[in-house]
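Peer 1:
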Amino acid sequence: MKWFISHNTIRSSFQLTLEKECGEKVSHCYQCGKCSAGCPIAFQMDYLPNQIIRMTQLGMEQQVLSSRTIWLCASCLTCTVRCPREIDIAEIMDYLRRQAYKKGIIPVEETEIPLFNKIFLRNIELFGRLYEMGLIGMFNMLSGEFFKDVFLAPKMFLKQKISIFPPRVKNIKETRAIFKRSGKLGKAHRDKLLNPRLLFLNLSRKIIGKIAKRDNS
Amino acid sequence: MIDQIKTKAKELLKTKKVDIVIGYKKASDRIGAIPAFIDKEGDIDKLIWDGYCVYNLSNYLKDFPGKKIGIVTKGCDAKSMTVLLQENQLKREDIFIIGIECSGIVDEKRKGGDIAYDERCKGCKPATPPIYDVLIKEEEKKQAPRLEQDPYESVRKLETKSIEEKFKFWQDEFSRCIRCYACRQICPLCYCPRCVAEQTQPAWFSKAVSVEGNFSWNVNRAMHLAGRCIDCGECERACPVGIPLRDINKKIEKDVKELFSYEAGVDTEQKPLFSSFDKNDPEDFIK
Amino acid sequence: MKYAYFPGCSLHSTAKEYDLSTKEVARALGIELIEIPDWICCGATPAHITMHLLSLALPVKNLLKAKEMDSFEVVTCCAACFSRLKIANHFMQNDNKHRKNVEEIVGEPYKGEVKVRHFLDVLINVFGLKNLTERVTNKLSGLKVACYYGCLLTRPPEITQLDDLEEPHLMDDLMKVLDAEPVKWPYKTECCGASFSLTKTDIVLKLSGDILQMAHDEGAQAIVVACPLCQSNLDLRQAAIKKKYKKDFNIPILYFTQLVGLSLGIEPKKLGLDKHIVNPLPLLKERKVLVDK
Amino acid sequence: MKIGVFVCHCGTNIAGTVDVERVSQAASKFPKVKHSASYKYMCSNPGQNLVKDAIKKHKLDRIVIASCSPSLHEKTFRKCVEAAGINPYLIEMANIREHCSWVHKDREKATQKAIELTRLAVSKVSRNKPLEKTYTTIEKKVLIIGGGISGIQAAIDIAFANYPAVIVEREPSIGGRMARFDKTFPTLDCAACILTPKMVTVSQSEHVTMHTYSEIEEVSGFVGNFTVKIRKKARSVDINKCTGCGACYNKCPVKVPSEFDMGLGKRKAIYTPFPQAVPNVPVIDRENCLYFKTKKCGICKKICTVGAIDYDMKDEVIEEKFGAIIVATGFNQFDHSVYGEYGYGKHKDMITGLHFERMVNSSGPTGGKIIRPSDGKEVRDVVFIQCVGSRDEQKGLPYCSRLCCMYTAKHALLLREHNKDSQAYVFYIDIRAAGKNYEEFVKKVQDEYGAIYLRGRVSRIFEKGGKLIVRGADTLSGAQIEIKADLVVLATGLVAQKDAPSLAQMLHIPYDKNNLFTEAHPKLAPVETITSGIFLTGACQSPKDIPDTVATASAASVKALGLMVQDKLAREPLIASVNQDLCSGCLACLKACPFSAIEEDEIEDRKLRRKRTVAKVREAVCTGCGNCTAVCRMAAIDLEGFTNTQIMEEVETL
Amino acid sequence: MSEWEPKIVGFLCNWCSYAGADLAGTSRLEYPPNIRIIRLPCSGRVNPLFILKCLSNGADGVLISGCHIGDCHYSEGNFYARRRFAVLKKLLEYLGIDPRRFQMSWVSASEGDKWARLVTELVEEIKQAGPNKDFVRKND
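In structure tokens form, the structure reads like this:
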């Protein structure tokens, strides 16, 4: 048996809070599984989208927020547009990710995406537009995949697809103010870029993974 | 403009399209205007048109049963005709509507002074009658500038008062009512063969001048005009004791517009307000 | 036809050829695109995953900048930017609570009055296919292409309001006008892995590999796209797909603007056709689409 | 006026809280009250006798019973006083039990209230008028709209009772949907074998008239007296001359897709929809007939030995009177072309359940072979998808279509029976097999016929390499599933007929947001409508399988026969009436009547010396809701039993 | 006046609210004895003049109760009533009648508990509103 849940879990306010805050009626779901049937990323997920919805219905907040599935959702909306109960499942996934951020829950196996998001946004906050070189460099460094896609780099430079220098936007303060105020108003958690826990988790996982790989081969 | 009215009236009488033309003529005080009933071509020159033509002539339509009538009709009066048609009281083929796109009439209370437009004209736009057979337009330059004014201003003012203040206000007003029923007689839409106020089996409310009798009569009058009153203002004009009856009529008009998007006198085919409903009518007042 | 142009980050870096070809085509057809001065990133996927309000505020800021230009229509080419701008507009039009918050953040009132269009929409529905037919000088006859729309161009339909949800056809219609031959294939709106390019490369390899496979199976010689993310995943990752799945597709991934440009007789270089990882020039030559001058 | 008041103790039910004696004493002092009494159980035989005796002894002419709710014993006491010679509508009841003794504890207050309730009843009864039940005649004939199994069964039941029934069917033959089916669940008897005998019975019955290829054009009147206009479309074949030899359609040169076979097979331009058609008389499809298109050909006319072909035949509208109407118009199939993810209905090898029925039928277009419509090859892997259209608020219907689970199971079984190498995959959300032997049947299909049931909706279907790729899920195992199918069969839901709303408006019966006709009460009047004399049967009311359809058909027939056996139709006199002198003819009442029970009338106005329009109540139609009375500004229309005078008298007494 | 008990008139439709009040009785749910019920076939039967008559006849409060929307025995009666009394209620308030004095409710045949609760609350409200003095017909 995977879990034991008690009536306390089932009667918790998780579903109600979700319905109130993100406006999607999770209770409408009758588990037809059409979302899971069409999900392009399902093959990588630990729980299928319909299972996440069911777990939400049952108040399994901890399990849902620490699942890999919510991070792996690519927001392609295939589920949303086909749901017979008109539930915006992708929006629920967004909400769950934001909740996970707020609560500081990051699944051990799925650290790259939260890390990437943070670096990406930080990047925008700093430069106004995406500084790809900076993004890739920073991500590779912090995720421990130092040489990822290195072989692509020369080609990209040659074809002038990537610039070494960051883009320039006038009045960058304006953009930064938007970030600041959004964080405040939305009560979103904007922790430091170098969240030590996230970094540690990520690095240790990568290193263990590499060692394991070497041992296997 | 008056020439156009006369020409049309002449043509109608000549071709026997109508038996009688109802219009306006000068009153004996040489200022005001009173209804004119013209059945001879020779009398046509009596017809006038000016800002004193306040009467709603549609009230006289029922006095000529079986006759074909040509009638000079302002925008507001045509609305009451619309209601009468909607309620099966007139046959459209019996009347020829000489529609007037009027620029407003004078405020009778200020007779003799400068032309001041009547209260109800201020919220009236456009002044084109909803139904007509021929439309006669006021010359451009005479068109009074219409005030973009909230037609429900005085209603809103009353609404903000406290319950006690409202009660006192209306009791004061109603206490003057002498139950002369002028408001009913003048109303183009009061045509019941026998008004409930005069019925005895049962006696719906006290016929005597009394607090509750006066109140009941006035509520009854208002409810019977709900979704029908087109705000021609005749009742208030006719009231000898000056009860602000339009403030009651306008209140209902405003409510039904807000609650049910219903407007009186715009469509002869529309169902009466209380003989229709919408599944989504508001019911927040129901427990 | 005058529009405020929002290129987005990708078109200024990895999708430079999309930017180039769009501008070339617009110029050739007399569609005036004026880049919004000082535009900023729309926030893309990371913003709406992380902070909902931010994901609305960033696009709104850009739309406000467009409004300052006295232009009430914004054109974008990137499907992701298109989606974010449209969604932001939708919220500003229909959700009072969010509108208030966003207005507070950007410091200006905005009710979603700036219209957002995809360049594909402008080309087909404003310029018109009929007009375009008359301008085609260099027919792409015999070129079999798979039109790939990706997920963000049509979803959610009530917001994007661009094309058929499950079987979009705008690019197919366009290709027919250029005398190219769009193949019938079922993966028009399948997901390519989108923003996982860097973080979950394995997913991208699998999904993009499937799409390439399907296009290949249905006889396509090239894939036509309208989204820089799709292009980059399908083009950039073909080498890795080859390595991982032992399948060498060598299918060029072209922007629809590049093909329109070619058919209008614009030089390949100006359209950035030299900037692809999978070189499209051999195919275009073989199909006699490129005439050596 | 001599009013008698009788107060009931109801054992201790009333007397426990209310001082019954005091009520009785107080009542005796009310104006016009001549006599009052109390008794332990007024509704018992001795109690009723007490009332009857008092009526005689005190010459009472109006009665008030202060006891329980009128919903319990109003009828009892009406009968009781009638037996004592008083008009049954001259009684009123004061509800001093449910509304008093049972809800109050304070004896003093409860007694006081009971006295006042009694006073109220006394004041009301003083204004009661004697009323007589009204009677209308009944046209002894039943109209049945629709000639499917539902209409056929109803006609058989009506005819069995020796009353005439008229079936109006718009297709050229009766038989409906069921005629298309192959076998029926769960018993697997063949549909034709059980339906054909019934069709023959109907055609041979002296009591049943059939108007096939006909439609209802207009309905007026009310229970017992409906007048119906029926359009008999031009068949181009004389139904009386034709022998049904079939020479005409054998020789007809035009072939078009057969509607009956869902386009899987062909028919001629002159055709009978299927071999067992009743009547076995062909019809010419004028849109496709060469003669009508080009004025050439005319082969059928030449070949017909009895001269039955009539190219000049015209539509004919007939008018008939009926006492009751049974609506049996059946259902339509949900149109799955709204599902873009399933290819907008364009995949050739994707068919609906009804197609499958035709295909699997040995007299069907494929001779019972289950093949791919695209290339005619026999199938191996067949995917069945349930809930297509049903339970889908986004693209389809909110409701469950109720039979798809069962017919899909049947199809899966028939598939294996017809093709031993085949495999059925059934995508389902829930299996709803609530019926006699239904669950057992589904189990059998799974266990013995190897159908694989997968729990999940299908998300996508597309063509690749000549197969249909079906992408679904099995939520029980948490797996995505992809099946390369030869054939996909959609269990499309049941929907109302497209023209159901216009028929409903013609009949003045309500329909719901799904255009299904609404029954008078979902539990206690499931085959009635709120319009008396009009009854519902079959799937026009909600999706139904054959047993349920036949059951409702018989139920509706009994309801109709219940009317037929009456000499006259008695109606409660508690209905509206117009005082035409007071009526202004504004017709606000007519427009506000939910039952169209008010009509225009013309009277000679003596004062005005001319005719004028006034309102008039159609007594047989009025249900006595009283809405008209409240919209009448001149109080010209009143409701018997609840007159303005009665109510005002009650209020006055407060 | 310390012993003043309000007098309330209830116009109840026969099929839902009257049956609901019956059910309150069968379920022995207690509520104050201040209401006098007048049984009518349908809430659509209620003429606005009845309300005026009640008020001028000394009733301290008037209640109209019908079937919930969609449940009407006559299918549409309560729709008409709803519209009619929406207008009357606003008008009475505008003319200075305490809105607590005229109320409307939907009570189904199965809502005995709602009926009991409703009457209890109603009596409480009317008690707060005080006796209907201004209006009562002076004996003439």
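Chains as they are written, first to last, in our numbering: chain A, 1 to 217; chain B, 218 to 504; chain C, 505 to 797; chain D, 798 to 1451; chain E, 1452 to 1591. Here a beta-carbon is modelled for each residue, glycine too, at the ideal position from N, C-alpha and C. Please read all numbers here as calculations on a predicted model, not as lab measurements.
Hey, could you find the ends of the beta strand (DSSP E) B/Cys-412 is sitting in?
Peer 2: Looking at the DSSP string, B/Cys-412 is not in any beta strand (DSSP E), and its letter there is neither H nor E.
Peer 1: Tell me which residues of the segment 1301 to 1331 of chain D have at least one Cβ-Cβ distance to chain B shorter than 8 Å, keeping chain order.
Peer 2: Residues: none.
Peer 1: Taking D/Cys-897 as the reference, which of D/Thr-814, D/Pro-828, D/Pro-867, D/Glu-1214 has the closest Cα?
Peer 2: When each option's Cα is compared against that of D/Cys-897, the closest is D/Thr-814.
Peer 1: Three or more beta-carbon pairs under 8 Å between the segment 1561 to 1571 of chain E and the segment 1477 to 1494 of chain E, yes or no?
Peer 2: The segment 1561 to 1571 of chain E, when compared against the segment 1477 to 1494 of chain E, does touch it at the 8 Å Cβ threshold.
Peer 1: If we cut at 8 Å on Cβ distances, does D/Leu-917 have a partner in chain E?
Peer 2: Chain E contact via Cβ: present.
Peer 1: Within 10 angstroms of its Cβ, does E/Lys-1504 collect 16 or more other Cβ (buried), or is it exposed?
Peer 2: Its Cβ being crowded by 16 or more others within 10 Å, E/Lys-1504 is buried.
Peer 1: Measure the C-alpha to C-alpha separation of D/Leu-1313 and D/His-1133 and round it to an integer number of angstroms.
Peer 2: Each residue's Cα considered, the two are about 19 Å apart.
Peer 1: If the cut is a Cβ gap below 9 Å, which residues of chain C does D/Gly-1137 touch?
Peer 2: Those within 9 Å of D/Gly-1137 in chain C are Asp-668, Leu-669, Glu-670, Glu-671.
Peer 1: Checking contacts by CB at 8 Å: is A/Gln-99 closer than that to chain C?
Peer 2: False, the Cβ-Cβ gap to chain C never drops below 8 Å.
Peer 1: At which residues does the beta strand (DSSP E) containing D/Gln-1183 begin and terminate?
Peer 2: Run containing D/Gln-1183: 1178 to 1185, per the beta strand (DSSP E) assignment.
Peer 1: Quick one: what does DSSP say D/Glu-1402 is sitting in, helix, strand or coil?
Peer 2: According to the sequence as given, residue 1402 of chain D is Asp; it is not Glu. Three-state result, D/Asp-1402: strand.
Peer 1: D/Thr-873 and D/Cys-840 - do their beta-carbons sit closer together than 8 Å?
Peer 2: Yes, these two residues count as a Cβ contact at 8 Å.
Peer 1: Would you mind stating whether D/Met-1361 and D/Ile-1027 have Cβ atoms separated by less than 8 Å?
Peer 2: Not a contact, by the Cβ cut-off of 8 Å.
Peer 1: Output the distance between the C-alpha atoms of C/Asn-566 and A/Asp-46, rounded to the nearest integer angstrom.
Peer 2: Cα to Cα, C/Asn-566 sits roughly 38 Å from A/Asp-46.
Peer 1: Work out the CA separation of C/Ile-609 and A/Ala-177 for me, nearest whole Å.
Peer 2: Taking the straight line from one Cα to the other gives about 8 Å.
Peer 1: Give the range of the beta strand (DSSP E) segment to which D/Arg-1188 is assigned.
Peer 2: From DSSP, D/Arg-1188 is part of no beta strand (DSSP E); its letter is neither H nor E.
Peer 1: Should B/Gly-287 go down as buried or exposed, given a rule of 16 or more other Cβ atoms within 10 Å for buried?
Peer 2: Per the 10 Å Cβ criterion, buried.
Peer 1: Note down the Cα distance separating B/Arg-445 from D/Ala-1389, rounded to an integer number of angstroms.
Peer 2: Using only the alpha carbons, I get a separation of about 15 Å.
Peer 1: Comparing alpha-carbon positions, which option in A/Lys-173, A/Ile-53, A/Phe-157, A/Val-108 lies nearest A/Asn-202?
Peer 2: If we check each option's Cα against that of A/Asn-202, A/Val-108 comes out closest.
Peer 1: So D/Gly-1423 packs on E/Arg-1496, CB below 8 Å; how close in whole Å?
Peer 2: With a Cβ gap of about 3 Å, D/Gly-1423 and E/Arg-1496 count as contacting.
Peer 1: Mind pulling the chain D residues with CB within less than 9 Å of A/Ile-30?
Peer 2: Inspection of the sequence shows that residue 30 of chain A is occupied by Tyr rather than by Ile. Under the 9 Å cutoff, chain D gives Arg-1188, Ile-1226, Asp-1227.
Peer 1: Indicate whether at least one CB of chain B lies closer than 8 Å to the CB of E/Ala-1567.
Peer 2: No, E/Ala-1567 lies away from the interface with chain B (no Cβ there is under 8 Å from its Cβ).
Peer 1: Between C/Pro-660 and chain D, is there a C-beta pair that is closer than 8 Å?
Peer 2: Not one chain D Cβ lies under 8 Å of C/Pro-660.
Peer 1: Determine, using beta carbons only, whether B/Ser-423 comes closer than 8 Å to chain D.
Peer 2: No, B/Ser-423 does not count as interfacial toward chain D.
Peer 1: Between which two residues does the beta strand (DSSP E) holding D/Pro-867 run?
Peer 2: Not the beta strand (DSSP E): D/Pro-867 falls in the alpha helix (DSSP H), residues 867 to 880.
Peer 1: Could you have a look at A/Asn-8 and say whether DSSP puts it in helix, strand or coil?
Peer 2: Helix, per DSSP.
Peer 1: Could one say the Cβ of E/Glu-1572 lies closer than 8 Å to chain D's Cβ atoms, at least one of them?
Peer 2: E/Glu-1572 does not count as touching chain D.
Peer 1: According to DSSP, is B/Leu-264 part of a helix, a strand, or is it coil?
Peer 2: It is coil, neither helix nor strand.
Peer 1: Is D/Pro-1054 helix, strand or coil when you go by DSSP?
Peer 2: The answer is strand: DSSP assigns D/Pro-1054 an E or B state.
Peer 1: For the segment 1400 to 1413 of chain D, enumerate the residues whose C-beta is nearer than 7 Å to any C-beta of chain F, in chain order.
Peer 2: In the structure shown, chain F cannot be found, because the protein chains are A, B, C, D and E.
Peer 1: Within a Cβ cutoff of 6 Å, which residues of the same chain sit near B/Ser-433, ignoring the five residues on either side of it in sequence?
Peer 2: Once the five neighbours on either side are set aside, the close Cβ partners of B/Ser-433 are Phe-422.
Peer 1: Where do the N-terminal and C-terminal ends of the beta strand (DSSP E) with C/Ile-651 fall, by residue?
Peer 2: Residue 651 of chain C is actually Cys in this sequence, not Ile. Residues 648 to 652.
Peer 1: Is any beta-carbon of chain D found at less than 8 Å from that of E/Gly-1476?
Peer 2: Interface residue, yes.
Peer 1: Under 8 Å, Cβ to Cβ, is there at least one residue of chain C near D/Glu-1260?
Peer 2: Taking Cβ atoms only, chain C reaches closer than 8 Å to D/Glu-1260, which makes this a yes.
Peer 1: Run down chain B in chain order and give the residues with a C-beta less than 8 Å from the C-beta of D/Lys-1388.
Peer 2: Near D/Lys-1388 (Cβ distances below 8 Å), the residues of chain B are Lys-488, Pro-489, Ser-492, Ser-493.
Peer 1: Going straight from the alpha carbon of D/Ser-868 to that of D/Glu-889, what length do you get?
Peer 2: About 12 Å.
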